[in-house]
Structure formats: C-alpha cells, structure tokens
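Residue numbers (the numbering used here): 25 to 298.
The C-beta atom is built at its ideal place from N, Cα and C for all residues, glycine as well.
It should be emphasised that the depicted structure is a prediction, and the values quoted were computed from it without experimental measurement.
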C-alpha cells in the first residue's frame, strides 16, 4: 500500500509540474492517448500550430477534462482558428487546477502554408502559475513552433516545440516551465481507418511513446483507442459529427490513479472568399 501511494503521489506531482506549461486538449486526442501533432482541427492550437495552416474554414472548440476524476485537477480550454487571405490566425487558452493551485496558458498564433504539402506556425502564450498563499503568482511568456508535412495522400508528419525559450518560473533552483518536443506520424491505412504514432520528449522527464487508432464506420460516428507509456495509460472514446458540429468523448485509464474523463465540442463557422 505504501508503494502504491508513493507512486500515486509521484505521478500527481509530475503531472502538476507538466501542467505549468502544456496539457493535451480535445477529447479526440485524449481518446487516442494524447496523439495530436498531426491533427488538423481547432485544437491544433494546443498540439501543433503548424497544422492550422491547412485549415480552409474557421473553427472553434471548447474542452473539459477531469484528471483522475478529481476536481482539483480539472482543465478547461478553448481554441479558435480563422483563415485569412494569407494564412490562419488563432487564439486559445487552457486553465488547469483549482483555487489554491492554478495554471493559465493563453495566447495568439499565426500559421501559413509554405507549399501545397508543408505548413508552419508560430505562437506566443502568456503563462501564469498561482500557488497560494506561500508561492504567490508567477508570470511568463513562451514561444512555440510547429510544422506539418503531407508526405502523400495517406501520410502526415508533424513536429512541434512547446516553450522554445524555456521560460523561467522562479530563480530558486532554476525552476522553469516545461519544454516539450513532439514528433508524430499519421497513416490512413484504408478509407475510414486512421493510425497515429508519436514520440514526446520533455526535458526533465522520460521519453513518451504513444499510438492510437480511429475508425470511422459511418458518417456520424468515430471510434477511437490508444496507449502511451512513461507512465502507462490506456485510452478510448468516440466522436459524433453532424454537419458542421463535432462532439467527442474520451477516457484514459492509469492503473494507479484511475480514470480521466474528457469531452470537447467543435463547430466550423466561417469560410473566407477566395
């Protein structure tokens, strides 16, 4: 029992530190074990700003997650992307924690296609961490970069870096927001069956590998599953699409800490005149 509790507190602490800079957003990504660096939708704001350059219509999304079903570890987020005559402008934010411990990440981004097959984007975010009453409130600004390449009709390759400058939280022990490097691949095996894989490296943590699958049997329904390591998590979920609206649900399971349910909603709302 002591070992179990120790492991649980260690994982909670690790997730709290990681939440200071970035957390996966959107239940589609959550259902595939946080794969998302190759996805082209509103929540690409939180996964890969480069992917937004391929969007040809405006989109907005909101998301909610309760990590391990604890209200103290809940996350709310939003993302909006609007195509311009040249490029795509975006904004988004995530809000994690509760009254005593809360982190905020919100900002603006710009993405554009460099060619018919390659898109890139940059992003600047305000970062805030509040730990009352002893720690107070700390502020910072981070820069992010991402790119997406469509290698062919079936394969996408995505790359993103979160917190390029390793923004500092406090001078004490050189405490900094997390910096993550992600590289992902998606493969449309057959029509209606998408496979994804990703590698993530956070400077102060072990490398994480993840894989997921999405099955689209009918126009209305998507079925998803995934797995990731360090620590090991399993994930599953489903999505519903009706005209310009998408509603997604997911849950991840950790053998020590339990279930993490999430839900998100996306609506496409605008297409610019060419």
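By Cβ distance below 7 Å, which residues in the same chain neighbour residue i in space, the five residues on each side in sequence not counted?
| i | result |
| --- | --- |
| residue 137 | 77, 78, 143 |
| residue 178 | 211, 212 |
Kindly list the residues whose CB is nearer than 8 Å to the CB of residue i, restricted to its own chain and excluding five residues on each side of it in sequence; keep chain order.
| i | result |
| --- | --- |
| residue 30 | Because the pLDDT at residue 30 is just 39, under 50, the model does not fix this residue reliably, and the point stays unresolved. |
| residue 95 | 122 |
| residue 230 | 254 |
| residue 291 | 83, 84, 85, 268, 269, 270 |
| residue 277 | 257, 258, 259, 283, 284 |
| residue 48 | 54, 58, 60, 70, 71 |
Please list the terminal residues of the continuous alpha helix (DSSP H) segment that includes residue i.
| i | result |
| --- | --- |
| residue 71 | 68-71 |
| residue 54 | 51-55 |
Hey, how far is the Cα of residue i from the Cα of residue j?
| i | j | result |
| --- | --- | --- |
| residue 148 | residue 166 | 6 Å |
| residue 240 | residue 161 | 45 Å |
| residue 191 | residue 205 | 15 Å |
| residue 248 | residue 289 | 16 Å |
| residue 257 | residue 279 | 8 Å |
| residue 164 | residue 225 | 22 Å |
| residue 91 | residue 111 | 35 Å |
| residue 82 | residue 200 | 34 Å |
| residue 254 | residue 141 | 33 Å |
| residue 109 | residue 124 | 44 Å |
| residue 265 | residue 245 | 7 Å |
| residue 107 | residue 184 | 20 Å |
| residue 228 | residue 116 | 26 Å |
| residue 64 | residue 180 | 10 Å |
| residue 275 | residue 89 | 9 Å |
| residue 281 | residue 293 | 38 Å |
| residue 126 | residue 50 | 19 Å |
| residue 193 | residue 135 | 28 Å |
| residue 139 | residue 46 | 29 Å |
| residue 176 | residue 80 | 19 Å |
| residue 286 | residue 238 | 17 Å |
| residue 250 | residue 234 | 7 Å |
Is the separation between the beta-carbon of residue i and that of residue j shorter than 9 Å?
| i | j | result |
| --- | --- | --- |
| residue 59 | residue 222 | yes |
| residue 272 | residue 261 | yes |
| residue 145 | residue 189 | no |
| residue 55 | residue 236 | yes |
| residue 203 | residue 186 | yes |
| residue 86 | residue 98 | no |
| residue 57 | residue 103 | no |
| residue 252 | residue 268 | no |
| residue 283 | residue 84 | no |
| residue 159 | residue 130 | no |
| residue 218 | residue 210 | yes |
| residue 182 | residue 52 | no |
If you drop the 5 nearest sequence neighbours on each side, which residues of the same chain put their C-beta closer than 6 Å to that of residue i?
| i | result |
| --- | --- |
| residue 128 | 119, 152 |
| residue 71 | 60, 61 |
| residue 114 | 69, 76, 105, 133 |
| residue 43 | Confidence at residue 43 is low in this model, with a pLDDT of 45, below 50, so the placement of that residue should be treated as unreliable; the coordinate-derived value is given next. Answer for residue 43: 120, 127, listed in chain order. |
State the start and end residues of the unbroken beta strand (DSSP E) segment that holds residue i.
| i | result |
| --- | --- |
| residue 98 | 98-107 |
| residue 279 | First-last for residue 279: undefined, no H or E at that position. |
| residue 171 | 160-174 |
| residue 123 | It is not in any beta strand (DSSP E) - residue 123 carries neither H nor E in the DSSP assignment. |
| residue 153 | 142-155 |
| residue 229 | Careful: residue 229 lies outside any beta strand (DSSP E) and carries neither H nor E. |
| residue 180 | 179-186 |
| residue 64 | Unbroken run through residue 64: none, as it is neither H nor E. |
| residue 209 | 204-214 |
| residue 251 | 245-252 |
| residue 242 | Careful: residue 242 lies outside any beta strand (DSSP E) and carries neither H nor E. |
| residue 80 | Segment: none, residue 80 is in no beta strand (DSSP E) and carries neither H nor E. |
Are the C-beta of residue i and some C-beta of chain D separated by less than 9 Å?
| i | result |
| --- | --- |
| residue 211 | No chain D is present in this structure, which holds just one protein chain. |
For the 8 Å Cβ check, are there 3 or more pairs between the stretch 152-161 and the stretch 169-176?
no
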